[in-house]
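Same order as they appear, the protein sequences are chains A and B. According to my numbering, the first sequence is numbered sequentially starting from 1. According to my numbering, the second sequence is numbered sequentially starting from 1001. Quick reminder that beta carbons are idealized off the backbone N, C-alpha and C, glycines included. Just so we're clear, the structure is a prediction, and the values are computed from it rather than from any experiment. First up is the structure itself, then whatever we jot down about it.
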Amino acid sequence: MAYRSAVTESTPVRWLLIGLAFGILSLFLLLPLAAVFIEAFRRGWEVFRDALIEDAAFAAIKLTLLAAAIAVPLNTLFGLVAAWLVAKFRFRGRSLLIALVDLPFAVSPVIAGLVFVLLFGAQGWFGPWLQEHDIRIIFALPGIVLATVFVTFPFVARELIPLMESQGNDQEEAAVTLGARGWQIFRRVTLPNIKWGLLYGVLLCNARAMGEFGAVSVVSGHIRGRTNSLPLHVEVLYNEYQFSAAFACAALLALLALVTLGLKSAIEHFTGSRGSGRH
Amino acid sequence: MSVSIQSIHKTFGTYTALDGVSLEISDGSLTALLGPSGSGKTTLLRIVAGLEYADPGSGGVRFHGEDVTGVPAGKRGVGFVFQHYALFKHMTVAANIAFGLSVLPRAKRPAKREIGARVKELLRLVKLDGFDDRRPHELSGGQRQRVALARALAIRPKVLLLDEPFGALDAQVRKDLRRWLRQFHNEIGLTTLFVTHDQEEALELADQVVVMRNARIEQTGAPQEIYDQPRTSFVYEFLGEVNKLEDGRYVRPHEIELTFAAEEGVHLAGRVDHLFVAGPFARLSVMPERDRQREIEVWATRERVEEMALASGDIVGLRFPTLPAGAQRAAADGFRGDDS
């Protein structure tokens, strides 16, 4: 858009600022990303492939996908319920609920991981009971899923709350007067109106679920081939000076990020051109 | 279907939206709930619809004698048209109209073909034939309004409720649609209740006007009655133009006789501040010489203005009716002019 308004800076200043923004972005975001891919392929395609199909790497990929496959649907459900409550009802404790939804964003992921160790670890509050019943949470899949769910909780809810608040209750009320019941209203009126926002939130949630390092690192125990997720596996490889393999796995994660970004832009473009939906 | 509302109380936290409101609406009538914003008229409409429940312990709502106070909105058989239409944005016009039928339990749901036929019939009724596949965002405000109406009528409601039906429309569309709704009501004879803050709309459209203020009903009656015999100063000021005289009396602009200042029996002399002639009518603003605080609106005939050869700045005399009909009635009912 090449319009000028009273608040616009003069052309040279504008170009300078735009140039600066792109310069910083390239230096801090684009360059490292490029470095990841260059390093990954430095010793050729074969090495890259071998690094990914090697047993420990394969197990890490599987674990990451599994954790995301459990955490993302759960958080989609939680997010929907939380957003629906906050946007459609006025109740005591509503602002507390909003604050709680944001908590995982405010808390360091490492602390999130430690909390679960404190609760379910061998020395934790429920540790003895869990041991008695032979249930493993920490240093096992359940712990990794819990940590992932905690860290990625806000994404769907945060995306939906402003969207649902701006849409108000009118269409749902119209559906009520026309005789629709709870589930019909959700499926036929609410869901179609929020589907793009929901998809967007799920996408971001998934990206974080697969990429989470801190929280998962605390609860995982780093058992190679068993409880190492992909990001943890990258770290292990790197510490063992297997740079090419580390960068190969990192490239896979980066690729995932790029696909997420691409899909996100596609959603924005699509909803934008339809003139309805988000924002 | 007649509607009977008995001493409804409604509070939102510490705010009182309705304070003991009772109202009878006869079968097949067109009733306007008229009042300024915050007077409780929309809350009353929503309580009749079942979208809001009256405070526990207060009265209830009856449809044709049957108590529906505890009946949920979806089972009351009311058609509700929302102020901003609330059309389902992601559905076509046809799907919007068919919605109420398509959510019926399988046993009661008409066959697809029947629903289709009903949609066509309704589209014809609201003069939108051929709009089946359009989306709400492709329609004008007036068209959306009529889709919302068709959607509400699809479930064959016993009562039709409209919240500010013309509030969001341009002046011209508003007038057309108002006339159309009046005709439409005459044709189908469905008991209809609508909310408005526009007195002209209420007077022109309704059989019965209910004037509301501060969570209470001020006066209920036929438009003519409300206009000619306002029972409170609020109703007097809210409906039509009115002048408040020094002695607290109210006089409608058309009740004032326009003459020369030197004539006998002139109650007040003043300068014509503004003169506007449209067709056979003339509107004047007169600034009294005694009391410069209150400008007085006078409606006269064009003939009279031309006869007197009046222009802005001239001095005229005003003669008020000895006791206006409205004031007489109001006085009889213990009416006092307050300055609210």
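- Between B/Leu1034 and B/Gln1199, the C-beta gap is smaller than 8 angstroms, which places the two residues in contact.
- The beta strand (DSSP E) runs of length 3 or more contained entirely in the segment 1250–1312 of chain B are, from start to end of the chain, 1257–1259, 1268–1278, 1281–1288, 1296–1301.
- The closest CA to that of A/Ala51, considering only A/Gln171, A/Phe120, A/Leu237, is found on A/Leu237.
- In the DSSP annotation of this structure, the continuous segment of the alpha helix (DSSP H) that includes B/Lys1175 starts and ends at 1171–1188.
- Counting along the chain, the unbroken beta strand (DSSP E) around B/Asp1163 starts and ends at 1159–1163.
- Among the CB atoms of chain A, none fall inside 8 angstroms of the CB of B/Phe1184.
- A direct Cα-Cα distance of roughly 32 angstroms separates B/Asp1176 from B/Thr1232.
- Straight through space, the alpha carbons of B/Leu1268 and B/Lys1010 are spaced by roughly 47 angstroms.
- Fewer than three beta-carbon pairs drawn from the segment 218–235 of chain A and the segment 168–181 of chain A are found closer than 8 angstroms, and the two stretches are therefore not classed as touching.
- A direct Cα-to-Cα measurement between B/Phe1238 and B/Phe1063 gives close to 30 angstroms.
- Using a CB distance below 8 angstroms, no part of the segment 93–124 of chain A faces chain B.
- For the 8 angstroms CB-CB criterion, A/Ala209 and A/Ala67 form a contact.
- A/Met210 sits in a helix when the DSSP states are folded into three classes.
- By the criterion of a C-beta distance shorter than 6 angstroms, A/Gly124 is surrounded in its chain by Leu118, once the five residues flanking it on both sides are discounted.
- In the structure shown, B/Ile1217 falls within a strand segment according to DSSP collapsed to helix, strand and coil.
- With respect to B/Gly1270, B/Ile1296 sits close: the two C-beta atoms are nearer than 8 angstroms.
- Looking at A/Leu253, A/Leu100, A/Arg42, the one whose alpha-carbon comes closest to that of A/Ser229 is A/Leu253.
- Bridge pairing for B/Asp1132: absent [DSSP].
- Less than 8 angstroms separates the beta-carbon of A/Ala248 from that of A/Phe48.
- With a 10 Å radius around the Cβ and a threshold of 16 neighbouring Cβ atoms, A/Gln131 comes out exposed.
- Listed along chain B, the residues sitting closer than 8 angstroms to A/Gly179 by beta-carbon distance are Gly1074, Lys1075, Gly1100, Val1103, Leu1104, Ile1155.
- Within the model, the alpha-carbon separation for B/Lys1158 versus A/Arg181 is close to 20 angstroms.
- Pairing B/Gly1040 with B/Ala1202 gives a Cβ-Cβ distance that is not under 8 angstroms.
- A/Asn193 sits in a helix when the DSSP states are folded into three classes.
- Contact annotation: the segment 257–267 of chain A touches the segment 189–201 of chain A, with at least three C-beta pairs closer than 8 angstroms.
- Nearest to B/Ala1282 by C-alpha distance, out of B/Glu1263, B/Arg1304, B/Glu1289, is B/Arg1304.
- From the beta-carbon of A/Pro192, the residues of chain B found nearer than 7 angstroms are His1090.
- B/His1064 carries a coil assignment under DSSP once its states are collapsed to helix, strand and coil.
- B/Ala1309 counts as exposed, since fewer than 16 other C-beta atoms from the protein chains shown sit within 10 angstroms of its C-beta.
- For the 8 angstroms CB-CB criterion, B/Ala1311 and B/Thr1031 do not form a contact.
- In this structure, B/Leu1169 sits near B/Gln1145, with a CB-CB distance shorter than 8 angstroms.
- Across the set B/Phe1080, B/Gly1079, B/Gly1057, the C-alpha of B/Gly1057 shows the shortest separation from the C-alpha of B/Thr1069.
- In terms of beta-carbon proximity, A/Glu173 lines the interface with chain B, with at least one pair separated by less than 8 angstroms.
- In this structure, A/Gly79 lies near A/Val156, with their beta-carbon atoms less than 8 angstroms apart.
- In the three-state scheme derived from DSSP, where H, G and I count as helix and E and B as strand, B/Gln1083 is classed as coil.
- Straight-line spacing of the CA atoms in B/Arg1124 and B/Arg1252 works out to 43 angstroms.
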